[in-house]
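Numbering (our numbering), first residue to last: 143 to 731.
Put into structure tokens, the structure is as follows:
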């Protein structure tokens, strides 16, 4: 990864060379796929032309790269690589094997000189295709005109014979009129009888004896001659014979190209690498990305990180005014593994979650990242549970899909994973969803097999209470500013938990009728002023907090022992939910 980052950084400083390389690469087709088609024997004439065009830019690319990096050291490097790299100039045993059966190129840590060396121009293949394939061949092998005239003596002979036969037939009418003295003699053709000589009845007595009567009409007779039939056979069979020979020659050309498939694949891979690093350099410069520092430990630090897609889009605020993307920081370590993120809808929670995942992913493909500074601890996987959709064809509700995906994350993640969980538990009742959300957080925090870096966005504000009992968990929320009755989402992630959802305000922004908004505010005021409602809310908060206290009490509750004995990995999502309902019922009793 650092080697690729070196190359990306190198090309960010070479603007002119990078532009030339990007221009040349536009002429390159999918060389790996085309090589695959040739090796499998399913290539078309135009596939070969695409290979030719792709290879023709290689010398130009080599010139640009040589100008950048010099060639003397490159030659020494190339000589050393040639002794150790088995992937260069290695013919394959069977040119018709699928590409997956070819020798798989081993990973290369590219240097400027290995790029130069791996870019084989394959001039022999370019020359072969140029000499063998016509300038404008047909799209398939079902029509003639595939092979360039002059490439095959046999093919040229067939084409010349057909052409001469057509000339002979074209001249036959004049020759026979002069020889026989029959001025009305005509040469014609139909699909039933082929070519024929037509003479009117008035001139029947002048017909030469070698004419063979073929058809009698009302006012004329039609004849053939042995010589005319020979030329007819030449003409009628020429296209079929020409196509047969052209297809055979085309397959022979493909076999020669397939014998160099490994060389083509090495070049294709190098061209692809050049495409990647120059494209990453281009976007890094254009969007003001920085080089991330990579490490093999847990820390994740991103300063003023931005979403690589959202920041490039026109953004407007709630009033429809243009606004800029708001960057955010994140710091995670072995001491701060789980972030609970609360805040209203439209405040930017999901964007922030996706942004962090994308920045980590970009860093791990060797790309610069949208931030002011980034230190990325490498992860083995990125798991996401974002969005809501059902699977009607599989008979799964939105909540069931959510639980299945969450179960997969809990069973497959490790301490090196990055978990992105958005609104887990929202698809069921409040208490059930809250219980599931908390159980998931505790499982990730306490299970020694996981303890992964986790971003957990939720609307359950009660979930922030678990920070009191889970030492590696921190609360964050999306900042909101209130100006009188107006609420402004600042899209900034700040420490602490949110205490309000601002759902009615979001509904107002969405265009819900004013009468509905006014009534919703009235109902909210009634509920917040209702003693019973407030008592139930406080009881819920205390009960929710008390669950953890019971877990931490010196005297272990029987339910705790039972939970410890549950093999979570062996339970299906439905069994897990049923077990959770059972435990909840017994706990309330």
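Where is the CB? At the ideal position from N, CA and C, for every residue including glycine.
Residue i burial status per 10 Å Cβ neighbour count (16 or more: buried)
i           : result
residue 165 : exposed
residue 275 : buried
residue 334 : exposed
residue 652 : exposed
residue 463 : exposed
residue 639 : buried
residue 360 : exposed
residue 561 : buried
residue 573 : exposed
residue 221 : Since pLDDT at residue 221 reaches only 46, below the 50 mark, its modelled position is unreliable, and the value read off the structure follows with that caveat. Classification for residue 221: exposed.
residue 602 : buried
residue 344 : exposed
residue 723 : exposed
residue 627 : exposed
residue 654 : exposed
residue 582 : buried
residue 473 : exposed
residue 295 : exposed
residue 300 : buried
residue 451 : exposed
Distance, residue j Cα to residue i Cα
i           : j           : result
residue 641 : residue 260 : 60 Å
residue 225 : residue 410 : Bear in mind that a pLDDT of 40 at residue 225, under 50, signals an unreliable position, so the model cannot answer this.
residue 490 : residue 620 : 7 Å
residue 350 : residue 366 : 11 Å
residue 413 : residue 434 : 25 Å
residue 590 : residue 205 : 55 Å
residue 148 : residue 203 : 19 Å
residue 264 : residue 198 : 9 Å
residue 584 : residue 610 : 12 Å
residue 483 : residue 558 : 21 Å
residue 713 : residue 707 : 12 Å
residue 576 : residue 153 : 50 Å
residue 550 : residue 617 : 25 Å
residue 588 : residue 623 : 36 Å
residue 662 : residue 643 : 14 Å
residue 721 : residue 516 : 42 Å
residue 144 : residue 416 : 16 Å
residue 528 : residue 519 : 23 Å
As assigned by DSSP and simplified to three states, the class of residue i
i           : result
residue 453 : helix
residue 606 : helix
residue 158 : helix
residue 598 : strand
residue 504 : helix
residue 362 : strand
residue 569 : coil
residue 435 : strand
residue 550 : helix
residue 209 : helix
residue 587 : helix
residue 488 : coil
residue 558 : coil
residue 374 : helix
residue 386 : helix
residue 625 : strand
residue 473 : strand
residue 428 : helix
residue 618 : strand
residue 333 : coil
Proximal residues to residue i (C-beta, below 6 Å), its chain only, five neighbours per side dropped
i           : result
residue 271 : 190 and 194
residue 340 : 328, 330, 362 and 364
residue 507 : none
residue 541 : 569 and 570
residue 315 : 329
Beta-carbon proximity check, residue i vs residue j, cutoff 8 Å
i           : j           : result
residue 428 : residue 500 : no
residue 407 : residue 174 : yes
residue 280 : residue 288 : yes
residue 159 : residue 396 : no
residue 373 : residue 307 : yes
residue 444 : residue 596 : no
residue 420 : residue 163 : yes
residue 580 : residue 543 : no
residue 323 : residue 348 : yes
Sequence-distant residues of its chain with Cβ nearer than 7 Å to residue i (five each side left out)
i           : result
residue 446 : 469, 471, 513 and 514
residue 535 : Its pLDDT being 47, under 50, residue 535 is placed unreliably by the model, and nothing is read from it.
residue 282 : 186
residue 200 : 261, 263 and 409
8 Å CB neighbourhood of residue i in its chain, flanking five on each side removed
i           : result
residue 108 : The structure shown does not extend to residue 108, since the chain is modelled only from 143 through 731, so no value can be given for it.
residue 614 : 476, 477, 478, 479, 480, 587 and 593
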